[in-house]
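Novice:
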Amino acid sequence: MEETIQIIEKLPIIDFSLLHHDSVIKKIHEACRNFGFFHVINHGIPDSVIEDALNVNSNFFDLPMAMKEEELMSEDVQKPVRFGRVQVGCHENGMLSRDFLKLYAHPIDHFLNLWPSNPPNYREKMGIYATEVRKLGIELFGAIMESLNLSPTHLKQNFEHGAQMIGINSYPQCLGSNVKTGVAAHTDHSIITILLQSSPGLHIVDRLDSTWKSVCRIEGSFEIIVGDHLEVISNGLYKSVLHRAIPSSNNGTRFSIANLYSLGMDEIVEPAAKLVDEERPKSYKGSSLRDFLELLSSKDTIPFIHTIKYKRSLTIDEYMVISALLINLGMSQTNQFNFRVRNFDEEEPEKEVEPLESATSNTAEDSSLEPQNQTKCTYTPVCIMPEVDLIPAIPKEEAGTNLFNMNSDDKNKVDAGGTCTQKVGKCVLGSKKNNIRHLIIG
Numbered sequence: 001m002e003e004t005i006q007i008i009e010k011l012p013i014i015d016f017s018l019l020h021h022d023s024v025i026k027k028i029h030e031a032c033r034n035f036g037f038f039h040v041i042n043h044g045i046p047d048s049v050i051e052d053a054l055n056v057n058s059n060f061f062d063l064p065m066a067m068k069e070e071e072l073m074s075e076d077v078q079k080p081v082r083f084g085r086v087q088v089g090c091h092e093n094g095m096l097s098r099d100f101l102k103l104y105a106h107p108i109d110h111f112l113n114l115w116p117s118n119p120p121n122y123r124e125k126m127g128i129y130a131t132e133v134r135k136l137g138i139e140l141f142g143a144i145m146e147s148l149n150l151s152p153t154h155l156k157q158n159f160e161h162g163a164q165m166i167g168i169n170s171y172p173q174c175l176g177s178n179v180k181t182g183v184a185a186h187t188d189h190s191i192i193t194i195l196l197q198s199s200p201g202l203h204i205v206d207r208l209d210s211t212w213k214s215v216c217r218i219e220g221s222f223e224i225i226v227g228d229h230l231e232v233i234s235n236g237l238y239k240s241v242l243h244r245a246i247p248s249s250n251n252g253t254r255f256s257i258a259n260l261y262s263l264g265m266d267e268i269v270e271p272a273a274k275l276v277d278e279e280r281p282k283s284y285k286g287s288s289l290r291d292f293l294e295l296l297s298s299k300d301t302i303p304f305i306h307t308i309k310y311k312r313s314l315t316i317d318e319y320m321v322i323s324a325l326l327i328n329l330g331m332s333q334t335n336q337f338n339f340r341v342r343n344f345d346e347e348e349p350e351k352e353v354e355p356l357e358s359a360t361s362n363t364a365e366d367s368s369l370e371p372q373n374q375t376k377c378t379y380t381p382v383c384i385m386p387e388v389d390l391i392p393a394i395p396k397e398e399a400g401t402n403l404f405n406m407n408s409d410d411k412n413k414v415d416a417g418g419t420c421t422q423k424v425g426k427c428v429l430g431s432k433k434n435n436i437r438h439l440i441i442g
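Here the sequence shown stands for residues 1 to 442, where the numbers follow full-length UniProt numbering.
1. According to DSSP, is I128 part of a helix, a strand, or is it coil?
2. For G137, which residues from the same chain have a beta carbon less than 7 Å from its beta carbon, with the 5 sequence-adjacent residues on both sides left out?
3. Use the C-beta contact count for P116: other C-beta atoms within 10 angstroms, 16 or more gives buried, fewer gives exposed.
4. Quick one: grab the DSSP three-state call for S214.
5. If you draw a straight line from the alpha carbon of F16 to that of I8, how long is it in whole angstroms?
6. With H243 and H203 assumed to form a contact (beta carbons below 8 Å), what rounded beta-carbon distance in angstroms separates them?
7. Taking the alpha-carbon positions, what's the H154 to G162 distance?
8. What number of angstroms, rounded off, separates the C-alpha of S97 from the C-alpha of A143?
9. Would you decide whether E294 is buried or exposed? Buried here means 16 or more other CB atoms lie within 10 Å of its CB.
10. Is R207 helix, strand or coil by DSSP?
11. Within the continuous beta strand (DSSP E) that includes F37, where are the two ends?
12. Let's see if you can read the secondary structure: which residues bound the beta strand (DSSP E) around M265?
13. Let me check understanding here. Comparing Cα to Cα, which of P247, T253, E160, P120 lies closest to I108?
14. What does the Cβ neighbour count give for Q164, buried or exposed, with the cut at 16 atoms within 10 Å?
15. Near D99, what residues of its chain come up, given a Cβ to Cβ distance below 6 Å and the 5 sequence neighbours on each side ignored?
16. Enumerate in chain order the residues of its own chain whose CB-to-CB distance from A31 is below 6 Å, with the five nearest sequence positions on each side excluded.
17. For L54, which residues of its own chain have a beta-carbon under 7 Å away from its beta-carbon, when the five flanking residues on both sides are left out?
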């Protein structure tokens, strides 16, 4: 069945010319908090600079494949300049390829001579573009820090001396009706990403209903994407946005230029001290850009953000909700099993908590599950997901590809890697009700 994608409505538009007005700072806060995304207009970068960047990259991708392969083809993700090609499933009867070019861009005088020498004006035009967009990124970073109630100079020097990576993608036109993903669902490792598109094709997850929505392209604007390391700095107040891209079905070849901004390669990013307290304890380990690149090199499929989150304990009440939902799926009486739960204090012994004996079909809404005993515990999860306190997490169609397997005949464990004899179903996170963060499974 062909997937129908709606256009996401009311995405915030930030007027850069009014950047440090209180009303705009508030709007940035709401945009990062609710969407992980916003548009920027009136940014001051000349149209000619933007057009030159798109044109020179179009000319680069038009070069003979042998010329690009000879100089730039590499699978080394830590190489400062590399070209690559990946297959894109376009329609039932054919496959197309997406070409990409990755460039390190700061300090620009250190990397510019490594960039493609063909077409002859590539370094000049892209050098100007990278410099202009970097200025925009520095100003936006300060405003985003303000939106977190931090000083606009918080980490400013670190950011100014940090890393800038540019990812350019060339998506072939897909003439089939069943357009497939050009870039799979992911979050960016960066603090922020400034994205330029030649035509529409970006999808993000709408956090109101956990579905994919298409992002309208506003002529002359940039799209700003919240990345993993901004999620870390904000201690989870802002969440990196899950997004993907598709080829164009009616606008010819689609190009995108993403500028990803991070701190220095080995500089540790941690939650801002001002955003850590008893009510919101530190939720993320310190990590660096190099940590991300090493994870990428390992070809491990776990998202980077999941590797740096501290595990959050579940309350007994949350555990009861999850157990009840599993029982609703038929895992009661005849094929009952135990969850292994433990207190996160390592000095405490592990404990077994029995699942509920029975549950009604509306268990998740049952008022009897309101919090009473706030004993902290954790559980072996039924599916891979960002975390219980992410609302929402990932769309159903994405979550369904990341299931832990369960052998329901084994009553003493939930197997996270064995042969699946009974899949639990797709898992997505639902809304918060009665202070219980509950799962919707199905």
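All residues carry an ideal CB built from backbone N, CA and C; glycine is no exception.
These numbers come from a predicted model, not from an experiment.
Specialist: Let me spell this out:
1. Three-state DSSP puts I128 in a helix.
2. Excluding residues within five positions, the ones whose Cβ falls inside 7 Å are I192, I194, N259, Y261.
3. Taking every protein chain shown into account, the CB of P116 has 16 or more other CB atoms within 10 angstroms, so this residue is buried.
4. In the three-state DSSP reduction, S214 falls in the strand class (E or B).
5. When rounded, the distance between both Cα atoms is 22 Å.
6. Under the criterion of beta carbons closer than 8 Å, H243 and H203 qualify as touching, at roughly 6 Å.
7. For the pair H154 and G162, the Cα-to-Cα distance works out to about 14 Å.
8. Their backbone Cα atoms lie some 38 Å apart in a straight line.
9. It is exposed - the Cβ of E294 has fewer than 16 other Cβ atoms within 10 Å.
10. In this structure, R207 counts as coil in the three-state DSSP scheme.
11. The continuous beta strand (DSSP E) containing F37 extends over residues 37-41.
12. Boundaries cannot be given for M265, as no beta strand (DSSP E) includes it and DSSP labels it neither H nor E.
13. With distances taken between Cα atoms, I108 lies closest to E160.
14. Under this definition Q164 is a buried residue.
15. These residues qualify, in order along the chain: F61, R85, S170.
16. Cβ neighbours of A31 within its own chain (closer than 6 Å, five residues either side excluded): P12, F38.
17. Excluding positions up to five away in sequence, the list reads S198, F255.
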